[in-house]
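Undergrad:
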Amino acid sequence: MNPNNNTLRQINLPTRLPKVGTTIFTVMSALANEYQAINLGQGFPDFSCDSRLLDAVNDAMRADHNQYPPMAGIAPLREGISKKIAHLYKHIYDPLTEITVTAGGTQGIFTVIACAVRPGDEVIVIEPVYDSYIPAIETVGGTAIPVQLVVERNGEGKITGYTIPWDALQKAITSHTRMIMINSPHNPTGMVWEKSDLDKLAELVRNTDILICSDEVYEHMVYDGQQHQSVARHPELANRSFLISSFGKTYHVTGWKVGYVAAPKHLMNEFRKVHQFNVFTVNTPMQYGLAKYLEDPVPYTQLSNFYQQKRDFLRKGLEATRFKLLPTPGTYFQCVDYKHLNIPETQLNEADFCQWLTKEIGVAAIPVSAFYDKTVESGVIRFCFAKQQTTLQQALERLSKL
Ligand code: GLN
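Heads up, the sequence shown is in my numbering, so the first residue is 95 and it goes up one at a time.
(1) Do G137 and the ligand ZN come close, with the Cβ less than 6 Å from some heavy atom?
(2) Check whether the Cβ atoms of Q428 and L408 sit closer than 7 Å, and answer yes or no.
(3) For N436, does the count of other Cβ atoms within 10 angstroms reach 16, so buried, or fall short, so exposed?
(4) Tell me whether Y387 sits in a helix, a strand or coil according to DSSP, three-state version.
(5) Specify the secondary structure class of L381 as computed by DSSP and reduced to three states.
(6) Strictly by DSSP, which residues pair up with N133?
(7) Exposed or buried, what is E454 when buried is set at 16 or more other beta-carbons lying within 10 Å of its beta-carbon?
(8) Quick check on DSSP: helix, strand or coil for N277?
(9) DSSP state of A238, grouped into three classes?
(10) Is the closest heavy atom of the ligand GLN to the C-beta of F119 under 6 Å?
(11) Counting only runs that start and end within the stretch 340-374, where is the alpha helix (DSSP H) found for 4 or more residues in a row?
(12) For G251, count neighbouring C-beta atoms within 10 Å of its own C-beta (all shown protein chains included) and say buried if the count is 16 or more, exposed if not.
(13) Taking Cβ positions, are V217 and A238 nearer each other than 7 Å?
(14) Whole angstroms are fine: how far does the CA of D144 sit from the CA of I132?
(15) Output the distance between the C-alpha atoms of S463 and E221, rounded to the nearest integer angstrom.
(16) Just verifying my parser: in three-state terms, what is the DSSP assignment at E288?
(17) Please confirm whether any heavy atom of the ligand GLN lies closer than 6 Å to the CB of N281.
(18) Please say whether K359 and T194 have beta carbons closer to each other than 7 Å?
(19) With a 10 Å radius around its C-beta and 16 neighbouring C-beta atoms as the bar for buried, classify K351 as buried or exposed.
(20) Can you grab the Cα-Cα spacing for the pair F119 / G135, in whole Å?
(21) For E246, count neighbouring C-beta atoms within 10 Å of its own C-beta (all shown protein chains included) and say buried if the count is 16 or more, exposed if not.
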């Protein structure tokens with residue numbers, strides 16, 4: 095007998111994530127579409143990837159690489175990743191036991207947390223913090239302990255950069271601390287860690303069992319001749335770190351959702367136990383295509399130059415407006431302070447200002463306040479410059495009216 099609607103029980107499912115709604119990136123992209131605004135909000139390129147990469151994936155499909163790959167990823171891709179890391183950062187991860195291909199950076203991060211964090215464990219995150227970290231920690235029953243980047247200002251109150259809150263970090267460490275999550279180049283501020291920062295972090299966790307989760311998905315976007323400071327460059331940290339990166343960011347294919355995690359064998363062993371029941375494997379032809387394309391170092395070694403030109407183009411245009419520009423040493427994000435514009439909307443909070451900017455000016459941005467557990471307002475919004483020059487030019491024309 096089919097129960098009719100009146101008798102169907104409404105199941106009560108208490109939420110695991112009471113503070114979570116739809117991500118700000120999805121919200122702002124939907125709004126940008128609705129209002130036909132130029133979308134400098136969600137971080138993704140509006141241009142195509144290299145056709146050689148498309149051909150390589152296509153060839154793999156036609157060569158019938160279409161069934162399940164090995165759980166940790168196909169051997170040529172893991173070998174390619176290992177070679178790339180060795181070439182850039184002089185650390186050798188064994189492709190057999192220390193590298194796993196993931197369904198994007200976010201799945202890699204989630205699985206790191208799921209394998210490492212138990213109920214009652216504390217995980218230190220540094221705000222502004224990428225929006226997936228805290229929900230992932232809370233999903234597995236851990237407690238996120240946020241500390242905040244120090245906002246540096248000059249005499250006129252202009253933000254001149256962000257620095258790591260070493261005192262707060264030290265104070266946040268307890269006997270329950272399981273992991274510290276770091277992210278350089280940093281989304282959303284663009285700040286990058288220096289060698290001395292890695293040294294300080296190593297000192298802070300020395301003689302503890304604290305793990306490091308190092309989100310390095312913007313590793314190939316570091317500007318002005320600086321070098322990316324991967325944990326892989328630092329033997330002491332590499333020994334206790336999970337390193338996460340993303341082909342989506344590096345090769346302009348964010349929708350493919352392929353990334354990787356590298357870690358010492360005993361940590362990777364635990365990672366794979368969760369990974370195999372979380373995604374099991376990552377799609378095969380993409381992996382073959384990426385393995386082939388990765389043989390050529392030029393696309394990733396040239397990426398910083400490529401994006402630095404876009405950064406400089408956007409900055410030059412924005413300098414002609416009343417937005418105050420924050421420094422952008424890395425990532426494809428440019429943050430600006432809107433509080434000095436000569437319009438009444440400067441009174442709006444960051445989220446409302448972004449809504450207004452999208453609807454009325456036709457340019458979507460992301461409020462930096464969305465990267466805090468308990469909203470902090472600093473009057474700063476984020477633009478993504480992974481866009482064609484014509485898109486950036488059009489956005490600048492609209493923003494220059496302000
Ligand atoms: N990482 C991207 C950003 O910061 C967004 C990814 C997503 O939409 N989840 O904009």
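Where a beta carbon is used, it is the ideal one built from N, C-alpha and C, also for glycine.
TA: According to the structure shown:
(1) Summarising the ligand content, the structure contains the ligand GLN and does not contain the ligand ZN.
(2) yes
(3) exposed
(4) helix
(5) Contrary to the premise, residue 381 reads as Gln rather than Leu in this sequence. If DSSP states are grouped into helix, strand and coil, Q381 belongs with the helices.
(6) The partner list for N133 (beta bridge, DSSP) reads A458.
(7) exposed
(8) strand
(9) strand
(10) Yes, the Cβ of F119 comes within 6 Å of a heavy atom of the ligand GLN.
(11) 341-344 and 359-372
(12) When all chains shown are included, G251 counts as exposed.
(13) yes
(14) 23 Å
(15) 10 Å
(16) DSSP places E288 in coil when its eight states are reduced to three.
(17) Indeed, a heavy atom of the ligand GLN lies less than 6 Å from the Cβ.
(18) Their beta carbons are not under 7 Å apart, which means T194 does not touch K359 by this criterion.
(19) The residue in question, K351, is buried, as its Cβ has 16 or more Cβ neighbours within 10 Å.
(20) Approximately 7 Å, taken between the alpha carbons.
(21) exposed
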